[in-house]
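In this note's numbering, the protein residues as written are 1 to 280.
Idealized CB from N, CA, C, for every residue including glycine.
I have placed the structure first, in the form of structure tokens, so that the comments after it can refer back to it.
Take a look at the structure:
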């Protein structure tokens, strides 16, 4: 009990300002901030260094393929008849011949490493892998077109969606579409007959035939892409070419820079035309 004359110890009020002002607290605060900010960056640099060492163990040219883009720039500057994507493909095919026995090779374009595989047995190892599911950053170029679907997704999302679609590709289901495939194949044969004696890029008629088959089997509509040049077909051709051109031009890899260009805005317009058709 507290009676008269008793003494009571009253604790001094805690000064919260001292925590901030105290130099020791500031030191530890800055240390923690530095760790949280720089630790992820250091970890990323070490991981990149590890991958770089592994890449240098692969066969390849010890030269940066930035010179490839100088050749492309020269082709564009002098308006060469060879398109930039075709020129790139020809150069890559020529380099592949140098490493034909090794079945793969690596190269650098700027700061981006690439591993080129071209033999069936080498490609099979990658396609059969259950861990190599992450796609290259170039698939991000298709996000505006396909959003985050089967084509652009990676990892667990891709695996789940692929499992859902696998039954749709069973041979018994595909056999039901055989009449459609036969009909459109006959149309393709007639188109090729009309081009007898001419030099023909086979990619375009085969692509249009495939598009006719896909639209009729998957969407239940006939677009007659092999016979009619609709807005959808024109937009599809342009968007595909624009994507191919963007892949080989590092200066437009960033969405911020690409969509500020005329071709970037035109690409958006073509994609919007196709989306209006598919959502109708």
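Inter-residue CB distance, residue i and residue j (contact presumed, cutoff 8 Å)
i, j, result
"residue 259", "residue 249", "Not confirmed; about 14 Å, so no contact."
"residue 212", "residue 184", "5 Å"
"residue 329", "residue 191", "Given that the chain is displayed from residue 1 to residue 280, the structure contains no residue 329 and the question cannot be resolved."
"residue 263", "residue 242", "6 Å"
"residue 149", "residue 107", "Residue 149 to residue 107, Cβ: 30 Å. No contact."
"residue 239", "residue 145", "7 Å"
"residue 247", "residue 138", "6 Å"
"residue 180", "residue 226", "Not really, about 13 Å apart at Cβ, beyond 8 Å."
"residue 134", "residue 111", "So it is not a contact: roughly 18 Å between Cβ atoms."
"residue 174", "residue 113", "Incorrect: roughly 39 Å between the Cβ atoms, too far for contact."
"residue 169", "residue 217", "Incorrect: roughly 11 Å between the Cβ atoms, too far for contact."
Residue i at chain D interface by Cβ criterion, 9 Å
i, result
"residue 215", "No chain D is part of this structure, which consists of one protein chain only."
Assigned exposure category for residue i - 16 Cβ within 10 Å defines buried
i, result
"residue 100", "exposed"
"residue 93", "exposed"
"residue 136", "exposed"
"residue 208", "buried"
"residue 304", "With the chain running from 1 to 280 in the structure shown, residue 304 is simply not present."
"residue 88", "buried"
Residues near residue i in its chain [Cβ-Cβ closer than 6 Å; skip 5 each side]
i, result
"residue 235", "270, 273 and 274"
"residue 223", "215"
"residue 96", "118"
"residue 161", "150"
"residue 257", "none"
"residue 252", "246 and 258"
"residue 58", "106"
Beta-carbon contacts of residue i that lie in its chain and below 8 Å, excluding the five residues immediately before and after
i, result
"residue 123", "117"
"residue 142", "151, 152 and 243"
"residue 103", "117, 118, 119, 121 and 122"
"residue 266", "238 and 242"
Cutoff 7 Å; reference residue i; Cβ partners in own chain excluding five residues on either side
i, result
"residue 165", "150"
In chain order, which beta strand (DSSP E) runs of at least 3 residues are fully inside the segment 89–139?
-> 104–109 and 112–117
Jot down the residue ranges of each uninterrupted alpha helix (DSSP H) in the segment 138–182, minimum 4 residues, whole runs only, in chain order.
-> 143–146, 155–165 and 171–175
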